[in-house]
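Chains as they are written, first to last, in this note's numbering: chain G, 10 to 24; chain D, 616 to 835. By construction, the Cβ of each residue, glycine as well, lies at the ideal position given by its N, Cα and C atoms. In what follows, a structure is listed as structure tokens, so that the remarks can point back to it.
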Amino acid sequence: KEKHKILHQLLQNST
Amino acid sequence: SHLLVVEPEKIYAMPDPTMPDGDVKALTTLCDLADRELVVIIGWAKHIPGFATLSLADQMSLLQSAWMEILVLSIVFRSLPCDDEIVYAEDYVVDEEQARISGLLDLHVAIVPLVRRYKKLRMEKEEFVMLKAIALANSDSMHIENIEAVQKLQDSLHEALQDFEASQHPEDPRRVGKLLMTLPLLRQTATKAVQHFYSIKMQGKVPMHKLFLEMLEAKA
Chain G
10 KEKHKILHQL LQNST
Chain D
616 SHLLVVEPEK IYAMPDPTMP DGDVKALTTL CDLADRELVV IIGWAKHIPG
666 FATLSLADQM SLLQSAWMEI LVLSIVFRSL PCDDEIVYAE DYVVDEEQAR
716 ISGLLDLHVA IVPLVRRYKK LRMEKEEFVM LKAIALANSD SMHIENIEAV
766 QKLQDSLHEA LQDFEASQHP EDPRRVGKLL MTLPLLRQTA TKAVQHFYSI
816 KMQGKVPMHK LFLEMLEAKA
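In structure tokens, the structure reads:
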């Protein structure tokens, strides 16, 4: 997951 | 109808007017466009009924394997009204000659057969949004934790497509099959596109944003 930080963040954002 | 509502707005390539024309400019424009499209695709995926209830890991796995198919299918759908021109964005329409001089010929030649295939089928917007969601749910990622949940998502999208065709195209009972039979060519085209951009990344001449790099690396 550390390697795919941005995808992870974007999926977690509620908007 | 839900997928039609959550369909993203048009996106623009906005090529940098200060850059000299050529392959570096063309590829820089496309890589920047792809990066912004990826943000939109990730936001869109969350609105597919059933996707957001998958585990975060499974959501990531599906997107990491299907993102280029989704990107290519969107480009292909935008290109349907044109003749052998690829509509990368509303303001970035490339014909074969332009593709040749801007280093996009391989990509162009890979995408055109898919455009012809969907033109022949006269793919409608409803079918496009469902196929895009099916491509995501059917991405054959090898890292899925909850296979049953992903199967359920595939089934509900398949059912939506069947319902739509039963009511809108009763004259062609094989239309669902015809649409699903385009998916191998979509995957093949997306694979070529990923290889194309991966080799560009390795050459290092074109700047790429972090999300696009991250997604390319996930396919490496």
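CB contact below 7 Å: residue i versus chain G
{"i": "D:L826", "result": "yes"}
{"i": "D:Q713", "result": "no"}
{"i": "D:E774", "result": "no"}
{"i": "D:E684", "result": "no"}
{"i": "D:E652", "result": "no"}
{"i": "D:I657", "result": "yes"}
{"i": "D:E622", "result": "no"}
{"i": "D:E837", "result": "In the structure as shown, chain D begins at 616 and stops at 835. Residue 837 of chain D is therefore absent and cannot be evaluated."}
{"i": "D:M796", "result": "no"}
{"i": "D:E760", "result": "no"}
{"i": "D:E786", "result": "no"}
{"i": "D:M675", "result": "yes"}
{"i": "D:E700", "result": "no"}
{"i": "D:E780", "result": "no"}
{"i": "D:E829", "result": "yes"}
C-beta contact flag for residue i and residue j at 7 Å
{"i": "D:A752", "j": "D:L768", "result": "yes"}
{"i": "D:S754", "j": "D:S689", "result": "no"}
{"i": "D:S694", "j": "D:V702", "result": "yes"}
{"i": "D:L677", "j": "D:S771", "result": "no"}
{"i": "D:S717", "j": "D:A649", "result": "no"}
{"i": "D:K816", "j": "D:L831", "result": "yes"}
{"i": "D:E760", "j": "D:A672", "result": "yes"}
{"i": "D:V639", "j": "D:K820", "result": "yes"}
{"i": "D:A748", "j": "D:L669", "result": "no"}
{"i": "D:A628", "j": "D:A704", "result": "yes"}
{"i": "D:P630", "j": "D:W659", "result": "no"}
{"i": "D:F779", "j": "D:C646", "result": "no"}
{"i": "D:H863", "j": "D:D710", "result": "This structure cannot settle anything about residue 863 of chain D, because the visible part of chain D is limited to 616 through 835."}
{"i": "D:I685", "j": "D:I656", "result": "yes"}
{"i": "D:V791", "j": "D:M683", "result": "no"}
Option nearest residue i by Cα separation, candidates the options
{"i": "G:Q21", "options": "D:I749, D:D647, D:E624, D:K661", "result": "D:K661"}
{"i": "G:H17", "options": "D:L653, D:I626, D:C646", "result": "D:L653"}
{"i": "D:A725", "options": "D:T804, D:P635, D:R715, D:K735", "result": "D:T804"}
{"i": "D:L794", "options": "D:W682, D:K807, D:I759, D:F743", "result": "D:F743"}
{"i": "D:D636", "options": "D:R731, D:A833, D:A714", "result": "D:A714"}
{"i": "D:M796", "options": "D:L736, D:E705, D:Y707, D:E711", "result": "D:L736"}
{"i": "D:S814", "options": "D:P632, D:M634, D:K834", "result": "D:K834"}
{"i": "D:K734", "options": "D:D699, D:I685, D:H617, D:V621", "result": "D:D699"}
{"i": "D:I663", "options": "D:D706, D:M683, D:L746", "result": "D:L746"}
{"i": "D:S616", "options": "D:E741, D:H811, D:V809, D:L729", "result": "D:E741"}
{"i": "D:V691", "options": "D:V621, D:F666, D:Q674, D:H723", "result": "D:H723"}
{"i": "D:R732", "options": "D:P785, D:L801, D:T644, D:S782", "result": "D:L801"}
{"i": "D:Q766", "options": "D:P728, D:F666, D:V727", "result": "D:F666"}
Per-residue DSSP class, three states only, for residue i
{"i": "G:K10", "result": "Bear in mind that a pLDDT of 49 at G:K10, under 50, signals an unreliable position, so the number given afterwards is only what the model happens to contain. DSSP places G:K10 in coil when its eight states are reduced to three."}
{"i": "D:P632", "result": "coil"}
{"i": "D:V708", "result": "strand"}
{"i": "D:V702", "result": "strand"}
{"i": "D:R715", "result": "helix"}
{"i": "D:F692", "result": "helix"}
{"i": "D:T643", "result": "helix"}
{"i": "D:H824", "result": "coil"}
{"i": "D:D755", "result": "coil"}
{"i": "D:M817", "result": "helix"}
{"i": "D:S670", "result": "coil"}
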